[in-house]
Each structure stands twice: as C-alpha cells, then as structure tokens.
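Accompanying notes for the structure given below.
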Amino acid sequence: MRSDSDESQLNSPGAAAESCLRCERLRKSFDGTTALGGVTLSFPNCGVLAVIGPNGAGKTTLLNVMTGFLCPDEGGVFLGDTELTHLPPYRIVQAGVSRTFQDLRLIALLSVLDNVM
Ligand SMILES: Nc1ncnc2c1ncn2[C@@H]1O[C@H](COP(=O)(O)OP(=O)(O)OP(=O)(O)O)[C@@H](O)[C@H]1O
Ligand SMILES: [Mg+2]
Numbered sequence: 026m027r028s029d030s031d032e033s034q035l036n037s038p039g040a041a042a043e044s045c046l047r048c049e050r051l052r053k054s055f056d057g058t059t060a061l062g063g064v065t066l067s068f069p070n071c072g073v074l075a076v077i078g079p080n081g082a083g084k085t086t087l088l089n090v091m092t093g094f095l096c097p098d099e100g101g102v103f104l105g106d107t108e109l110t111h112l113p114p115y116r117i118v119q120a121g122v123s124r125t126f127q128d129l130r131l132i133a134l135l136s137v138l139d140n141v142m
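See the structure below:
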C-alpha cells in the first residue's frame, strides 16, 4: 500500500478525531518489496470501513500488523490511548481487536457451530 508520495493517507473525512482504532505511518517490507509504505488509517467508532485494493496491495499485511501477527518496520497501531504495536495477538484480542483469516480452513469432522467457535 503506497502512494506517489510513499505516504498513504486513508482517513475517512472527519473520522480521525473520534476514532478508536488507528494506524500511524505503518511501514512493512519483505526483502525489498514494500507492502505498507506509510499507512495512516483511522477506524471510526461505529460503522463499517472497507480497505480495498488489487492483489498484493498490502491489505492482509495491514491486518497482520494491526493484530500482532507481524511487526511493522516503522509506525504504530493504537486503540484510543493504548499502543498495540508489538503486543502479541492474544493481548490485542484482550484489548478488543479481533479478526478473521483470509485462508479460512474448515474442519470437516466438526459441526458448523464448532467450526465457528
Ligand atoms: N510473508 C511474506 N513474505 C514475503 N512477501 C510477502 C509476505 N507477505 C506478503 N508479502 C508481499 O507483500 C505484498 C502485499 O501482500 P498482501 O498479502 O498483504 O496483499 P493483499 O492486498 O492481501 O493481496 P490479496 O488481495 O491477494 O489478498 C505482496 O507483494 C506480497 O507478495
Ligand atoms: Mg490478502
């Protein structure tokens, strides 16, 4: 995720001031491939925010960094006044931020309810 200025500003208009979850200037590269080129993003307290982009744009990398599955090279993730950057995933879940996974795997021997749980 990057822009010509290498500094993506994805804030929804007017949302930053009342935002609960936010990313500030996140950068993440893999062996020279820049996945996140300085992403600043605010999630409003209510409503739905979609992050869209072509294959390889960095959407999953963003979620991985925000939920502690990857450490950013630079930048931070915040929930209100609490910094989540570098916390392990279980601590981030305890703080109230959860996710689903793109590579969802179902366990055929379990019921639908057990799979969801
Ligand atoms: N673990 C990794 N090691 C090396 N490169 C990676 C790794 N994870 C992601 N990348 C690279 O980072 C870039 C962003 O990938 P990412 O998976 O975040 O994109 P995406 O927007 O989720 O794509 P898709 O729409 O296909 O799910 C791609 O160039 C990808 O090849
Ligand atoms: Mg993805």
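In our numbering, the protein residues as written are 26 to 142.
Quick reminder that beta carbons are idealized off the backbone N, C-alpha and C, glycines included.
Considering only residues of the same chain and omitting the five flanking positions on each side of residue i, which have a CB-CB separation below 8 Å?
i, result
"residue 135", "none"
So the candidates are the options; which of them puts its Cα closest to the Cα of residue i?
i, options, result
"residue 127", "71, 45 and 86", "86"
"residue 53", "84, 132, 105 and 119", "84"
Quick check on the burial criterion: 16 or more other C-beta atoms within 10 angstroms. Buried or exposed for residue i?
i, result
"residue 141", "exposed"
"residue 121", "exposed"
"residue 28", "Note that residue 28 scores a pLDDT of 40, beneath 50, so its modelled location is shaky; the value from the coordinates is reported in the next line. The residue is exposed, with fewer than 16 neighbouring Cβ atoms inside 10 Å."
"residue 130", "exposed"
Would you say the beta carbon of residue i is closer than 8 Å to some non-hydrogen atom of ligand 2?
i, result
"residue 53", "no"
Beta-carbon within less than 7 Å of residue i's beta-carbon, same chain only, minus the 5 sequence neighbours each way: which residues are those?
i, result
"residue 96", "111"
Between residue i and ligand 1, is there a pair consisting of the residue's CB and a ligand heavy atom that are separated by less than 8 Å?
i, result
"residue 74", "no"
"residue 125", "no"
"residue 60", "yes"
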